[in-house]
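Colleague: Take this structure first; my questions come after.
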Amino acid sequence: MRTLITGGTVLSSTGASAADVLVDGERIAAVAAPGVFDPDAADTVLAAAGKYVLPGGVDAHTHMEMPFGGTVVSDTFATGTTAAAWGGTTTIIDFAKQEKGTSLLATLDEWHRKADGNCAVDYAFHMIVSDVNDTTLKEMSTCAGAGVNSFKMFMAYPGALYSTDGEILRAMDKATEIGATIMMHAENGIAIDELAARAIAEGRREPAQHGLTRPPELEGEATHRAIMLAKVTGAPLYIVHLSAAQALAAVAEARDTGQNVFAETCPQYLYLSLDDMMAPGFEGAKYVASPPLRDRSHQTDLWRGLRTNDLSVVSTDHCPFCLKDQKELGRDDFRDIPNGMPGVEHRMDLLHQGVVSGEISLARWVEITSTTPALMFGLYPRKGVIAPGSDADIVIYDPTARQTLSAATHHMNVDYSAYEGFEVTGRVETVLSRGRVVLSGGTFSGRVGHGTFLSRDRCQYLR
Numbered sequence: 033m034r035t036l037i038t039g040g041t042v043l044s045s046t047g048a049s050a051a052d053v054l055v056d057g058e059r060i061a062a063v064a065a066p067g068v069f070d071p072d073a074a075d076t077v078l079a080a081a082g083k084y085v086l087p088g089g090v091d092a093h094t095h096m097e098m099p100f101g102g103t104v105v106s107d108t109f110a111t112g113t114t115a116a117a118w119g120g121t122t123t124i125i126d127f128a129k130q131e132k133g134t135s136l137l138a139t140l141d142e143w144h145r146k147a148d149g150n151c152a153v154d155y156a157f158h159m160i161v162s163d164v165n166d167t168t169l170k171e172m173s174t175c176a177g178a179g180v181n182s183f184k185m186f187m188a189y190p191g192a193l194y195s196t197d198g199e200i201l202r203a204m205d206k207a208t209e210i211g212a213t214i215m216m217h218a219e220n221g222i223a224i225d226e227l228a229a230r231a232i233a234e235g236r237r238e239p240a241q242h243g244l245t246r247p248p249e250l251e252g253e254a255t256h257r258a259i260m261l262a263k264v265t266g267a268p269l270y271i272v273h274l275s276a277a278q279a280l281a282a283v284a285e286a287r288d289t290g291q292n293v294f295a296e297t298c299p300q301y302l303y304l305s306l307d308d309m310m311a312p313g314f315e316g317a318k319y320v321a322s323p324p325l326r327d328r329s330h331q332t333d334l335w336r337g338l339r340t341n342d343l344s345v346v347s348t349d350h351c352p353f354c355l356k357d358q359k360e361l362g363r364d365d366f367r368d369i370p371n372g373m374p375g376v377e378h379r380m381d382l383l384h385q386g387v388v389s390g391e392i393s394l395a396r397w398v399e400i401t402s403t404t405p406a407l408m409f410g411l412y413p414r415k416g417v418i419a420p421g422s423d424a425d426i427v428i429y430d431p432t433a434r435q436t437l438s439a440a441t442h443h444m445n446v447d448y449s450a451y452e453g454f455e456v457t458g459r460v461e462t463v464l465s466r467g468r469v470v471l472s473g474g475t476f477s478g479r480v481g482h483g484t485f486l487s488r489d490r491c492q493y494l495r
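Laid out in structure tokens, this is it:
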């Protein structure tokens, strides 16, 4: 099957050019000046005049079918990857979550059972390490050999996912040995739990307390501590869902010295704030995630960090819980609200809005949503670029279309939108996943089971 995309502006992490793209089967066969290819030699011709043609998005941080906080996230791999396709994301990297007392290999097998044959777009895994012991450390090597070479740890959630500094040090030593990357949820969980307990004792139980008891200083402190542990061990470090200016300053300082430290932020930290968590009644529970939404003043720093590359990636931390029956578990105690927000469908559009508003360039839009995550997690050049030999994961994007984000129209399996009523400029028009048109003109034509597992190589940015 040969598909020809004509008349569009092809975007990359280095710029834009008028070009036609020829797809042969699942791969990109060639990219050439307009008019070079014979349309009669293609089975399908997709006209892209006035549109952008860009590599499919790579969302490097999602949680599908993950148990957390006494419930399970509301998106399955089937519903979540379908929603991703609607939003122009053609690859997700999901987190396999080790429970205390279980093995990494059993966890990896479990996530394969959940995802294999059930994804509409391609997928890969990171591994959450919550139980550091001799067996776990040995299994990290086996996981890396199986294409899962990034391991997430937590400085938050004592009693559940939390690791001590000593445990983090041991895992970082192993990561250095095997060429893997440690991903870190950097918040001082011990101090946060003390502040949360004080709030409850004083009768402060509303959703906004989730943010007020997780101050940005405790994210900054934990980020700095993680960076120092990584420096001692030589481990590459990737800070997930960075939300605070204090944490960003620590990352920037480390990068300025040449340390292998990287960080992502998420759309919710660029567009939402503590004000949303302070909505009347229980509405603020919709916005409970960790780290929490911050005061709007942090957004200026985060956008600047994206421009300077101190923030390298924008992922979603897609972790949806319905307001009814799930978020409501914490109606009487904010500590019991399941932490997480939906977003996998809207990342590409929200970041394009950053182009529209002048925060980032078109090239940077492609870089932080597709090319850099592919490089960061060993998927490039199979993913993240429109080039001969790469997978034909391609988005045709209308930069002038207007749309209003809403739970009434989104495709995520959750009963609210964190961006309800947001008006954005730009919309995905057509999506190809490995050469197959899975979305066109507002109609989804893909299928669950099309997505294939991606075995990943090491980070391609390591010095």
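33 is the number of the first residue of the sequence shown in the working numbering; add one for each residue after it.
Glycine residues also receive a C-beta, built at the ideal position from the N, C-alpha and C atoms.
Please read these numbers as outputs of a predicted model, since none were measured by experiment.
Do three or more CB pairs link the segment 244-263 to the segment 277-297 at distances below 8 Å?
Modeller: Yes, they touch.
Colleague: Touching or not, the segment 97-105 and the segment 449-467, by the rule of three or more beta carbon pairs under 8 Å?
Modeller: Contact fails: fewer than three Cβ-Cβ distances are below 8 Å.
Colleague: Might you give, ordered along the chain, the residues of its own chain that have their beta carbon closer than 7 Å to the beta carbon of arginine 57, omitting 5 neighbours on each side?
Modeller: Locating residue 57 in the sequence shown gives position 25, counting from the first residue. In the sequence as displayed, the identity of residue 57 is glycine instead of arginine. Around glycine 57: Met33 and Gly467.
Colleague: Which residues bound the alpha helix (DSSP H) around serine 329?
Modeller: Here residue 329 corresponds to residue number 297 of the sequence shown, with the count starting at 1. Residues 329-340.
Colleague: Determine whether the beta carbon atoms of histidine 158 and lysine 184 lie at a separation below 8 Å.
Modeller: What you label residue 158 is simply residue 126 of the sequence shown in a count that begins at 1. What you label residue 184 is simply residue 152 of the sequence shown in a count that begins at 1. Yes, Cβ-Cβ distance for histidine 158 and lysine 184 is below 8 Å.
Colleague: Give, in chain order, every unbroken run of the beta strand (DSSP E) that is at least 3 residues long and sits entirely within the segment 398-478.
Modeller: Runs found: 426-436, 455-465 and 468-472.
Colleague: Express the C-alpha separation of arginine 328 and leucine 306 in angstroms, rounding to a whole number.
Modeller: Counting from one through the sequence shown, the residue named residue 306 turns up at place 274. Counting from one through the sequence shown, the residue named residue 328 turns up at place 296. The alpha-carbon atoms of leucine 306 and arginine 328 are separated by roughly 7 Å.
Colleague: Could you please give the first and the last residue of the uninterrupted beta strand (DSSP E) stretch that includes lysine 184?
Modeller: Along the sequence shown, read from residue 1 onward, the residue named residue 184 stands at position 152. Where lysine 184 is concerned, the enclosing beta strand (DSSP E) stretches over 182-186.
Colleague: Residues in the same chain with beta-carbon distance under 7 Å from glutamate 97, minus the five sequence neighbours each way, listed in chain order, please.
Modeller: Mapped onto the sequence shown, residue 97 falls at position 65. The residues are Val104, Val105, Thr108, Phe109 and Lys146.
Colleague: Less than 8 Å separating the beta-carbons of glycine 11 and valine 427?
Modeller: In the structure as shown, the chain starts at 33 and stops at 495, and residue 11 therefore has no counterpart that could be examined.
Colleague: Cβ of histidine 482 within 8 Å of Cβ of threonine 114?
Modeller: Taking the first residue of the sequence shown as 1, we reach residue 482 at position 450. Taking the first residue of the sequence shown as 1, we reach residue 114 at position 82. The answer is no: Cβ separation not under 8 Å.
Colleague: Excluding the 5 residues preceding and the 5 following threonine 122 in the sequence, name in chain order all residues of the same chain whose CB lies nearer than 6 Å to its CB.
Modeller: Here the question's residue 122 lines up with position 90 in the sequence shown. Here the set comprises Gly88, Val153, Asp425 and Ser465.
Colleague: Taking C-alpha atoms, which residue in Gly149, Gln130, Leu411 and Ala156 lies nearest to leucine 169?
Modeller: If you number the sequence shown from 1, residue 169 lands on position 137. The option with the nearest alpha carbon to leucine 169 is Gln130.
Colleague: Quick check: the Cα distance between alanine 117 and aspartate 91, rounded to an integer number of angstroms?
Modeller: Counted from its first residue, the sequence shown places residue 117 at position 85. Counted from its first residue, the sequence shown places residue 91 at position 59. Each residue's alpha carbon lies about 11 Å from the other.
Colleague: Applying the 10 Å Cβ sphere with the 16-neighbour rule, what's the burial state of threonine 403?
Modeller: Your numbering for residue 403 matches position 371 in the sequence shown. Answer is buried; the Cβ neighbour count reaches 16.
Colleague: Under three-state DSSP, which class holds alanine 61?
Modeller: Position 29 of the sequence shown, counted from the first residue, corresponds to residue 61. The answer is strand: DSSP assigns alanine 61 an E or B state.
Colleague: Can you give me the C-alpha to C-alpha distance between proline 268 and arginine 490, rounded to a whole angstrom?
Modeller: Within the sequence shown, residue 268 is the residue found at index 236, counting from 1. Within the sequence shown, residue 490 is the residue found at index 458, counting from 1. Each residue's Cα considered, the two are about 10 Å apart.
Colleague: Buried or exposed for aspartate 86, going by 16 or more other Cβ atoms inside 10 Å?
Modeller: Indexing the sequence shown from 1 puts residue 86 at position 54. Strictly speaking, residue 86 in this sequence is leucine, with aspartate absent from that position. Burial call: buried.
Colleague: Does DSSP put serine 49 in a helix, in a strand, or in coil?
Modeller: As a first step, residue 49 is located in the sequence shown; it is residue number 17 there, counting from the start. If DSSP states are grouped into helix, strand and coil, serine 49 belongs with the strands.
Colleague: Could you tell me the distance, in whole angstroms, from the CA atom of valine 398 to the CA atom of valine 345?
Modeller: In the sequence shown, counting from the first residue as 1, residue 398 sits at position 366. In the sequence shown, counting from the first residue as 1, residue 345 sits at position 313. Going from the Cα of valine 398 to the Cα of valine 345 covers about 10 Å.
Colleague: Just checking my contact of leucine 338 with arginine 396 at CB under 8 Å: how many whole Å lie between their CB atoms?
Modeller: Counting from one through the sequence shown, the residue named residue 338 turns up at place 306. Counting from one through the sequence shown, the residue named residue 396 turns up at place 364. Confirmed, about 7 Å.
Colleague: Scan the segment 134-177 and note each continuous beta strand (DSSP E) run of 3 residues or more that stays entirely inside, going in chain order.
Modeller: Listed in chain order, the complete beta strand (DSSP E) runs (minimum 3 residues) inside the segment 134-177 are 154-160.
Colleague: Confirm, please, whether the CB-CB distance from proline 370 to alanine 450 is below 8 Å.
Modeller: Counting from 1 along the sequence shown, the entry for residue 450 is found at position 418. Counting from 1 along the sequence shown, the entry for residue 370 is found at position 338. Not a contact, by the Cβ cut-off of 8 Å.
Colleague: With burial defined as no fewer than 16 other Cβ atoms inside 10 Å of the residue's Cβ, what is the status of aspartate 288: buried or exposed?
Modeller: Numbered from 1 along the sequence shown, position 256 holds the residue referred to as residue 288. Flag for aspartate 288 reads exposed.
Colleague: In the structure shown, what three-state DSSP assignment does lysine 83 receive?
Modeller: The sequence position of residue 83 within the sequence shown is 51, counting from 1. Lysine 83 falls in the coil class under three-state DSSP.
Colleague: State the Cα-Cα distance for the pair alanine 218 and phenylalanine 409, rounded to the nearest angstrom.
Modeller: As a working mapping, residue 218 is identified with position 186 in the sequence shown. As a working mapping, residue 409 is identified with position 377 in the sequence shown. In a straight line, the C-alpha of alanine 218 is about 20 Å away from that of phenylalanine 409.
Colleague: What are the boundary residues of the beta strand (DSSP E) that arginine 34 is part of?
Modeller: Taking the first residue of the sequence shown as position 1, residue 34 is located at position 2. Taken as a continuous stretch (DSSP letters only), the beta strand (DSSP E) holding arginine 34 covers 34-38.
Colleague: By the three-class DSSP mapping on this structure, what secondary structure does valine 72 have?
Modeller: Against the sequence shown, residue 72 aligns to sequence position 40. The residue you asked about is not valine; residue 72 is aspartate in the sequence shown. In this structure, aspartate 72 counts as helix in the three-state DSSP scheme.
Colleague: Can you grab the Cα-Cα spacing for the pair isoleucine 224 / glycine 386, in whole Å?
Modeller: Reading the sequence shown from its first residue, position 192 is the one you call residue 224. Reading the sequence shown from its first residue, position 354 is the one you call residue 386. Going by the C-alpha atoms only, they are around 32 Å apart.
Colleague: In whole angstroms, what is the alpha-carbon distance linking isoleucine 392 and glutamate 296?
Modeller: Position 360 of the sequence shown, counted from the first residue, corresponds to residue 392. Position 264 of the sequence shown, counted from the first residue, corresponds to residue 296. In a straight line, the C-alpha of isoleucine 392 is about 15 Å away from that of glutamate 296.
Colleague: Just curious, the beta strand (DSSP E) that lysine 132 is in, first and last residue?
Modeller: Residue mapping note: residue 132 aligns to position 100 of the sequence shown, counting from 1. Lysine 132 -> no beta strand (DSSP E), and no H or E assigned at all.
Colleague: Which residue or residues does DSSP assign as beta-bridge partners of aspartate 56?
Modeller: For the purposes of this step, residue 56 is identified with residue 24 of the sequence shown, where counting begins at 1. Paired residue(s): Arg34 and Arg59.
Colleague: Please report the straight-line C-alpha distance between leucine 382 and glycine 473, rounded to a whole angstrom.
Modeller: Residue numbering aside, residue 382 sits at position 350 when the sequence shown is read from its first letter. Residue numbering aside, residue 473 sits at position 441 when the sequence shown is read from its first letter. So the alpha carbons of these two residues sit roughly 20 Å apart.
Colleague: Alpha carbon to alpha carbon, how far is methionine 187 from methionine 310? Give it in angstroms, no decimals.
Modeller: Counted from its first residue, the sequence shown places residue 310 at position 278. Counted from its first residue, the sequence shown places residue 187 at position 155. Computed Cα separation, rounded: 26 Å.
Colleague: Return the residue from the list Leu394, Phe100 and Pro405 that minimises the CA-CA distance to proline 352.
Modeller: Here residue 352 corresponds to residue number 320 of the sequence shown, with the count starting at 1. With distances taken between Cα atoms, proline 352 lies closest to Phe100.
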